[in-house]
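Following: one structure in structure tokens, then a few remarks.
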Amino acid sequence: MSEFDFDEAAARAWRDCVMAMEADGEDVEEALREAGAGLLAWQGVPPSSEPPDGFL
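Using the numbering used here, you'd call the opening residue of the sequence shown number 15 and step up by one each time.
As structure tokens, this is what we get:
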């Protein structure tokens with residue numbers, strides 16, 4: 015039995031997600047910018063905390 019390749023599974027899921035967004039007419043570049051901003055806003059925030067200022 016071969017080992018599960020988490021990197022390959024994540025890459026496949028990422029490609030599928032981007033393809034679905036493009037098929038729905040989403041602006042993928044804008045979505046990536048928003049996701050990046052959200053990740054930066056949460057950086058260093060402990061789990062179960064209130065959202066950072068201006069996040070919601």
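From the three backbone atoms N, C-alpha and C, an ideal C-beta is built for every residue, glycine too.
Which residue from the options puts its Cα closest to that of residue i?
i, options, result
"residue 45", "57, 55, 60, 32", "32"
Would you give the residue range spanned by the alpha helix (DSSP H) that residue i belongs to?
i, result
"residue 52", "42 to 56"
Task: Length at least 3, wholly inside the region 18 to 42: the beta strand (DSSP E) runs in chain order - done: Correct list: empty.
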